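Inspection log for the structure reproduced underneath, given as structure tokens.
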Amino acid sequence: MSQASTAQIADLETLFGDPLAPAGELTYEAILAADAERRLVEAAETILSRWGFGAELVPERLGGRWRSTEDLVRRLLPIFRRDLALGLGHGITTFMAAVNVWLGGDERTQRDLAARLLRGNRVAVCFHELAHGNDLLQNECTATLVHDGAVRGWRIDGTKEVINNIDRAESALVFARTSDDPGPGAFSLLLWHKDASLSGGADTGRRVLTAGVRGCQIGVVTFDRLVVPEDALIGSKGGGASIALRAFQITRAVVSALATGTVDAATRLAVPYMRGRALYGETVWDLPHARLLLTRAWAALLVSDALARTAVRALHLRPDESYMLSAATKYLVPKLLNDAMHDLSVLFGSSFYAVTPPYGIVEKWLRDLTILPIGHAGSTSCLLSVIPYLPTWARRARKPAQHEPALFSTTADLGELPFSALGLGVGRVDSVTAPLRDETITSALRSAHPAVAGLVDRWAGELATLRDAAAALGPASLRPDATPEVFDLARRLTAVMAAGALLGTWYEGRSHATSPFSRTPVAIEAALLRLSELLGPAPHAPGAPLPAPSRVRWPQDVADAAAAHIASTTGAGLSLGVEEVAVTGPSRSPEERKS
Amino acid sequence: MNEAFHRAADIDKYLGDPRDPQARIREDDVLSADEESLFPAEAVDALNDWGVQRAYIPARFGGELDDALLPMLLIRHVARRDLTAAVAHGKTFLGALCAWPAGGDIAARMASIVDSGAAVSWGLTEQGRGSDLLHTQTRVDGSTLSGGKWPINNATRGRAMCVLVRTRPEIDARSLSLVLADKEEIDLRRVSYRPKVRTHGIKGADISGIDWDEVPLPPDRFVGEPGRGFETVLKALQITRPVCTALSLGAADAAVAAVLAFTSDRRLYGRGLVDLPTATAEAGAIVADMLIAEATAMVGARHVTAYTEEMGLVSALVKYVVPATVDTLFRNATQFLGARSQLVGTARAGAFQKAARDNRVVGIFDGNSVVNLNAIVNEFGAIARGARREADLQSLPAVLDAGAASQGLDFGRLRLLTKAGSSLLRAIPMLASLARRNASPDLTHAIAVFESAAAEVLGEVSAAVPAARPGAAHFELAQLVAETFAGACCLLVRAHNTVSSSLARDDAWAAAALGRICERLGYPLLGTTSACRALAGHALETSRRGTPVTLFEGWYAA
Amino acid sequence: MTTEVPTVVALESWLRDRVATYGEVDPSTFTEDTPLTELGFSSVYALTLCGDIEDTFGVDVEPTIVWDNPTIRRLAAALHELIAEN
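Protein chains in written order, with my numbering: chain D, 8 to 602; chain H, 127 to 684; chain V, 66 to 151.
Written out as structure tokens, the structure is:
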């Protein structure tokens, strides 16, 4: 941890307690019961309010607790280890709204919002229109400057759909069209405080039911001649898209890092399950294939966590590179986490299918995580953020970049987030892939882990191949109607960035006591194997000789060593990920507890 | 065209369009029942009125069952509309099946129960023992039944149950028997029930439990010889597993319909999705996976009568790969539909999220993937043996053709282990050359790469060292064998299909399907993306005409 | 593959070796009359054994032969009969 102040804030792990305890407020049983009734666990929301959740979303300079974003992630992870819906529904969507104001609002607006958040108020974030998905520039909701005598205000017209907390939130941040010009300069952001409307209103009562995060109160807002004060405008007229695109960089990284908590919990829950479940006279733990599935899930978690934490630190240390890095993170991390949940669901078999604690919680987690790639920045839109920058990235990635240890280190001292340093460009250099181009790092890995030396070489080669391919793209191929081949390049770039983040995290983690990379040699091997599954061979052309298959093969001894590490870490009451820290989790199965 | 197709078209017409308020299974009712976890009683009544249960009874006992295709196609039509109803009704096929090889009075008795429309459950699993059947504790002493079964579909609402019981204390494969427990002839005061298990999907289904407290059974209620219970169950699973792929197909039908509707209607970035090449490629890939699943399920079903002796291997291959392919389809479709994949209460969107949740059950009941992959690994030796032998495979395409008449179902030909693996796998080179006739360059390429990849996989199987405890490498190889089997099914349908739809007659589907399989085998192909785009175009056209997306014609209402 | 019918004793010896290998048990810890299920000789191994029997002796067997003859002595006798018939 980097700041003494963190130690003064109570640990939510302690406040929430053991989810399998017979008497507890946030048990899996309570979570599942609430989910079935499409609500959140009230007692948990009370705990969070008393804990001062709102202060987490407010920068220190405005009186809140948010300084290092990595510390913010650490403090909120306990929520996501239990109930992702609680995290989103209680306040992460408020975070998504607030960030826009920290980026683009004036001092008065910021202080006012800070005070409201410190009181526990919520802000709904209103970008989404069902007909347009993540294509913000097609949005139809408008805001028009009107006046009633000397009083000027913005009249908002239209509808926003699938908005979390729109009914119970005291305020809403609305993305609306404020001019007819084509292009991004036609949109603005308005912060509507429901207690400060000038006239008219909005209907926020219609709830939309969803398959995942069922406890969240997701709804529709239909504006009915609502007029908000003129100073509800955040930033300048027409500046909405620019602010939003910078805000996304923060939220994409943070949400990705928080989501790893759910897969951490699910992987740990698999251990008592496997140990307790008899099958043909042995336990599921005794099946080699089951251990392989567990290992793959953990390895996907390691890659995701390495990339997401790097993206979070980059907001402080390399803000000029955050545009690409956050988009890449929000594409790849949800994909890897969803794949991990799929592997775990195969492992849990039929026992996860029933809505019965404890293992019934896994199916809820799986459904909740499914919304992540859909949510506020869907995967396709993340790739579309990356695509136009591919040729520029290629040039930047040729420039030498010093390995920046703090970027990959869980002990980095981050300071306050430099909001004004976030931009919309590619960045001066590519710091995330620097480890792949750093001979000291790659040779250290090759010599410490000869078994995966070949994979390291393949990733270095992939980086070079991508640079050449990206450099060759002309502007006409970079539009939303880009070919699948171009989308594929963007996907491959996200994987290369993950490779860089993984290498950097390993390199720094070797000397940190809480890092799995210092605790077991199998962590980097498993993570690299899993990541390398994304590295397909080049598509085969007719007439070319058939190459040898380059499928990733998982050696059983890697699966066994990894499973042993997962079990001992879980048994020691520690979390899984790039930091193995104390958590209050179920480490013994219900069967084991009874004995 | 065989009779099964006609019957299937008939039930499709009978059940009607789910959007039509006059239909027998209406989409709005399906979704609201699901939201409330209500049993789909009206739908099940409609199925009984039509007589779906007759497809569960062999012809010689007065029914219509003479191959796997008939129950499969009927269940698919139900599953497309409501997977909960398909599971609720279709479970009787599983519950009754063990009686048919037993024959005689017990079969006649079972036939009469099923014909009446009553539900028959299959009582195999017990609490705490899952699929570890050898440790069954429910027992019959003399003719007294004691113990309990859980979780069992239709345990509470069903009339009868075919129960796996212990008849000897030793823990071995000859200590178990099957008995018929019919609530209409036992002392119900000695019967109690366990509450409904609330599930995340098929929410309305009656999944509960039943306990018997020393219930005297009437004489002659053994189903098959005492001591043969375990063997009978293992063999019955070889038939139930391919038939249950109909559930995956029905779910996939729902997903594909939602994807195509979205592709047609959606505008994004200033244009229709059809004008965004990436979007159409993604939609086409989803359709390709649907067709892979369909080809595999149908060819798998034909194996039940045509290559009965190979079902030990084929049922495991099919039970692994069809749900796995449809699971992938659903994950891709969820991404593709975005927010709409989540919404409940908006017409088509609601149907999608129900189908997605319901589909997750298919991969796990009656043997999840770990169990099936294990079964495939156990057949490596047989597959290797088959590769070393000559075989006459000339008649293979004709007997596995979906449109061919059934040869009749002979339970006596079922075996626990195959002699020589799968004939279809051995026929890949022959099928490849048949499929190459008049093939486009993309398809020719895909066939060539698939043939090489398949040879490699089968070569690895031959070289696999038998291990006392198979490790990760064996399981991965088993997955590859299953994908190879799916590819072989696609080759076969491409090479020989007497009931081909217009979609099937074009090369795009086969190039897309084989391309995706080659990718899963480690060989992505250049032409797959454009084949997927072309396939999307065909599929959109098909759905605009109101026909389902399918490789076969005649099994649905015109 | 052998062409002459092996003796029952030879079959017993072959089976001891297979059982010891699959079950990963020390041959000195069991006899021809030990129930196979006690040796960790699960149904999985029964399947593998059938394959080995086919490869070595050219006869087609189902795992049910192991279920009906659950000791090495009985299994060897049953196998001997089967091979002699073929």
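Note that the Cβ used here is the ideal one computed from N, Cα and C, for glycine as well.
Keep in mind that this is a model prediction, so the values were computed, not measured.
Nearest to residue i (by Cα), restricted to the options the options
i	options	result
A467(D)	R499(D), A260(D), A321(D)	R499(D)
A51(D)	T21(D), V459(D), W73(D)	T21(D)
G247(D)	D464(D), D375(D), A104(D), S438(D)	A104(D)
V447(H)	S532(H), A510(H), L606(H), D391(H)	L606(H)
L551(H)	P147(H), C615(H), P227(H), A167(H)	C615(H)
A419(D)	H323(D), R560(D), I86(D)	H323(D)
L64(D)	L144(D), A43(D), L95(D), S249(D)	L95(D)
S628(H)	F187(H), N498(H), T673(H), E645(H)	T673(H)
G212(D)	V106(D), R453(D), G226(D), R221(D)	G226(D)
R283(H)	D332(H), L290(H), S566(H)	D332(H)
A307(H)	R320(H), D337(H), L647(H)	D337(H)
E357(H)	I312(H), V291(H), A372(H)	V291(H)
Buried or exposed (CB count within 10 angstroms, at least 16 for buried), residue i
i	result
Q179(H)	buried
D391(H)	exposed
D445(D)	buried
V74(V)	exposed
A141(V)	buried
N498(H)	buried
E609(H)	buried
H135(D)	buried
Q461(H)	buried
E340(H)	exposed
V619(H)	buried
P449(H)	buried
R646(H)	buried
Residue-chain proximity (residue i, chain H), Cβ-Cβ < 8 Å
i	result
D125(V)	yes
E119(V)	yes
L112(V)	yes
W132(V)	yes
R595(D)	Confidence at R595(D) is low in this model, with a pLDDT of 49, below 50, so the placement of that residue should be treated as unreliable; the coordinate-derived value is given next. No, its Cβ sits nowhere closer than 8 Å to a Cβ of chain H.
W135(V)	Strictly speaking, residue 135(V) in this sequence is Pro, with Trp absent from that position. Yes, its Cβ sits closer than 8 Å to a Cβ of chain H.
Where residue i falls: helix, strand or coil (DSSP)
i	result
S602(D)	Model confidence at S602(D) stands at a pLDDT of 40, short of 50, so the residue's coordinates are unreliable and nothing is read from them.
I448(D)	helix
F134(D)	coil
F219(H)	helix
D488(D)	coil
V588(D)	coil
I163(D)	strand
W248(H)	strand
H622(H)	coil
Chain D contact for residue i (CB, 8 Å cutoff)
i	result
A598(H)	yes
E582(H)	yes
T404(H)	yes
CB contact check: residue i to chain V, cutoff 8 Å
i	result
D700(H)	Absent from the structure is residue 700(H), since the part of chain H shown begins at 127 and ends at 684.
P147(H)	no
L443(H)	no
T676(H)	no
Same chain, Cβ closer than 6 Å to residue i, five either side skipped, listed in chain order
i	result
Q253(H)	W276
K309(H)	R285
T389(H)	L399, A409
T501(D)	A335, Y338, L339
Residues near residue i by beta carbon distance below 7 Å, same chain, minus five either side
i	result
L315(D)	Contrary to the premise, residue 315(D) reads as Ala rather than Leu in this sequence. Excluding sequence neighbours, A315(D) sits near A260, S263, A264, T267, T336, V340.
E420(H)	L375, T676, L677
Beta-carbon proximity list for residue i, same chain, < 8 Å, skipping 5 on both sides
i	result
G534(H)	D192, D193, T431
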